[in-house]
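Going by the UniProt record's numbering, the sequence shown opens with residue 1, and the numbers climb by one from there.
Right, one structure below, let's go through it.
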Amino acid sequence: MDLYEHQGKELLRQYGIETLEGIVATTPDEARDAAEKLGGTVAVKAQVLTGGRGKAGGIKVVKSPDEARDAAEQILGMDIRGHTVRRVLVEAGAAIASEMYLSITVDRTAKKPLILFSTEGGVDIEEVAEKSPESIVRLHVDPLVGLLPYQARELRFSASLSGDVAKGVGKVLGNLYEAFTGADASLVEINPLVATEDGRVLALDAKVTVDNSSLYRHKEIADLHDVEAADPQEQRAQEAGLQYVKLDGDVGILGNGAGLVMSTLDVVAQAGGTPANFLDVGGGADAEKISAALDIVTSNPEVKSVLFNIFGGITRGDEVARGLMTAIERSKIELPIVVRLDGTNAEEGRRILAENTPPNVHTEETMLEAAKRAVELGRG
Numbered sequence: 001m002d003l004y005e006h007q008g009k010e011l012l013r014q015y016g017i018e019t020l021e022g023i024v025a026t027t028p029d030e031a032r033d034a035a036e037k038l039g040g041t042v043a044v045k046a047q048v049l050t051g052g053r054g055k056a057g058g059i060k061v062v063k064s065p066d067e068a069r070d071a072a073e074q075i076l077g078m079d080i081r082g083h084t085v086r087r088v089l090v091e092a093g094a095a096i097a098s099e100m101y102l103s104i105t106v107d108r109t110a111k112k113p114l115i116l117f118s119t120e121g122g123v124d125i126e127e128v129a130e131k132s133p134e135s136i137v138r139l140h141v142d143p144l145v146g147l148l149p150y151q152a153r154e155l156r157f158s159a160s161l162s163g164d165v166a167k168g169v170g171k172v173l174g175n176l177y178e179a180f181t182g183a184d185a186s187l188v189e190i191n192p193l194v195a196t197e198d199g200r201v202l203a204l205d206a207k208v209t210v211d212n213s214s215l216y217r218h219k220e221i222a223d224l225h226d227v228e229a230a231d232p233q234e235q236r237a238q239e240a241g242l243q244y245v246k247l248d249g250d251v252g253i254l255g256n257g258a259g260l261v262m263s264t265l266d267v268v269a270q271a272g273g274t275p276a277n278f279l280d281v282g283g284g285a286d287a288e289k290i291s292a293a294l295d296i297v298t299s300n301p302e303v304k305s306v307l308f309n310i311f312g313g314i315t316r317g318d319e320v321a322r323g324l325m326t327a328i329e330r331s332k333i334e335l336p337i338v339v340r341l342d343g344t345n346a347e348e349g350r351r352i353l354a355e356n357t358p359p360n361v362h363t364e365e366t367m368l369e370a371a372k373r374a375v376e377l378g379r380g
């Protein structure tokens, strides 16, 4: 679950990380009042769950309340990478001496938290990695031990920091690691982390992603979920108890088991197609759940064909076939559907499908054959 900037900053403040004063506004007049209250130069910043706001014109620095109102009027309603701006953060200005980058994420290969720090902040870390990789400091943290003082010193030394800035960065790093572990986050990022002319080190931005599986432990964070901003397919899947992630392709994918679905994504790519989604219906899914899954996948207008990959383990193939037939009848889907059914009673299941399903449903015995068929049918 991603947090908006103003929500992320509130979380960071709870862990002792200093930010600039800011006020959320949903109308141009509210933005004007916020700027008047803050006084001086302010930044009007679009609140969306994506990056690239600055390049898209979603951040404007203004010098008066009236200019803040005009800026908010331009930003509200703007589309930034498919996200509509419905609120802005009006934030006080600061005399910035330098900009840095600091983040903590999960390195799944090393199975440890990974700290990334650079003295080149304010731009995408990917851009920094490409142009000057030597400026990025990388540190792994043993999750069983936690962040140790020598690691903070190593980071400051590697980045050639000194004086008040070094002390400030060290303090922020310690607090950020506490936020990362305390909120069960998969990413906490401050870009830029700035040093001001009066010696303060504070977060000028905040990007926080919390592991969805931990939200039952963090009701206060779960309550921040913005239903209106959520992808409609992902929201429907969550309500139906389905694991769904929207992707950019045109081959809709359903399967029973996360590992099987991940393999299906790879096989579709191998067959020359592009997956439109990840959707795991789980083991023992009944006709009602399969019908809901099909509706969710096909409600994406980009989907041109559907690949249903089922392995009958505890659930027998003939039972899956009957449930799938019922689901297809309920859904009345006209798109081509390719079914790969294997495992227990798979032959019986394929026979049932071949004899009883409408002409837009096709069966295949192997994953690769099914993927090739789905890609081919999707291209018309």
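Even for Gly, the Cβ is constructed at its ideal location relative to N, Cα and C.
When the Cα atoms are used, what is the spatial distance from residue 332 to residue 371?
Annotation: residue 332 to residue 371 spans about 22 Å, alpha carbon to alpha carbon.
Segment contact flag, the stretch 43-55 with the stretch 67-77, C-beta cutoff 8 Å, min 3 pairs:
In short, these stretches touch, since the Cβ pair count reaches three.
Cα-Cα separation between residue 226 and residue 232, rounded to whole angstroms:
Cα to Cα, residue 226 sits roughly 12 Å from residue 232.
Limits of the beta strand (DSSP E) - the one that residue 325 falls within
Premise fails: residue 325 lies in the alpha helix (DSSP H), 317-331, not in any beta strand (DSSP E).
Give the C-beta separation of residue 106 and residue 113 to the nearest angstrom, bearing in mind that I take them to be a contact with Cβ-Cβ under 8 Å.
About 6 Å; that satisfies the 8 Å criterion.
Whole angstroms is fine: what's the gap from residue 158's alpha carbon to residue 186's?
Straight-line Cα distance between these residues: approximately 25 Å.
Within its chain, find whatever has a CB closer than 8 Å to the CB of residue 198; leave out the 5 residues flanking it on each side and keep chain order.
Only 95 meet the Cβ criterion.
Cut-off 6 Å between Cβ atoms - residues of its own chain near residue 35, not counting five sequence neighbours on either side:
Around residue 35: 42, 65, 68, 90.
In this structure, does DSSP put residue 2 in helix, strand or coil?
In this structure, residue 2 counts as strand in the three-state DSSP scheme.
Given a cut-off of 9 Å, decide if residue 256 and residue 328 are closer than it, judged by their beta-carbon atoms.
No. Outside cutoff.
Terminal residues of the continuous beta strand (DSSP E) containing residue 155?
Unbroken run through residue 155 is the alpha helix (DSSP H), 149-158; no beta strand (DSSP E).
Less than 8 Å between C-beta atoms, sequence neighbours within five positions excluded: which residues of the same chain meet that for residue 368?
Closer than 8 Å at the Cβ level, and outside the excluded window around residue 368, lie 267, 270, 271.
Between 213, 216, 221, 190, which has its C-alpha nearest residue 207's C-alpha?
Scanning 213, 216, 221, 190 for the CA closest to the CA of residue 207 turns up 190.
If you follow the alpha helix (DSSP H) that residue 350 is in, where does it begin and where does it stop?
Unbroken alpha helix (DSSP H) run through residue 350: 346-356.
What residues are listed by DSSP as bridge partners for residue 278?
Residue pairing for residue 278: DSSP places it in a beta bridge opposite 245.
Would you grab the beta carbon distance between residue 344 and residue 313 for me? Rounded to a whole angstrom, and I think it's under 8 Å.
Confirmed, about 6 Å.
Under the assumption that residue 17 contacts residue 56 (Cβ atoms under 8 Å), give the Cβ distance between them as a whole number of angstroms.
Between residue 17 and residue 56, the beta carbon gap of about 26 Å keeps them out of contact (Cβ cut-off 8 Å).
Please name the residue, chosen from 28, 213, 356, 273, that lies closest to residue 303 on a Cα-to-Cα basis.
Checked all of 28, 213, 356, 273; the closest Cα to residue 303 is 273.
Once you ignore the five residues that flank residue 237 on each side, which residues in its own chain have a CB closer than 6 Å to its CB?
Cβ neighbours of residue 237 beyond the five flanking positions: 244, 296.
Is there at least one Cβ from chain C nearer than 9 Å to residue 344's Cβ?
The structure shown contains no chain C, having only a single protein chain.
Can you tell me the Cα-Cα spacing of residue 93 and residue 102, whole angstroms?
Taking the CA atoms as reference points, residue 93 sits about 21 Å from residue 102.
Assuming residue 86 contacts residue 26 (C-beta within less than 8 Å), just tell me the rounded distance between them.
Contact holds; Cβ gap of about 7 Å.
When the distance is taken between beta carbons, is residue 221 closer than 9 Å to residue 254?
No, Cβ-Cβ distance for residue 254 and residue 221 is not below 9 Å.
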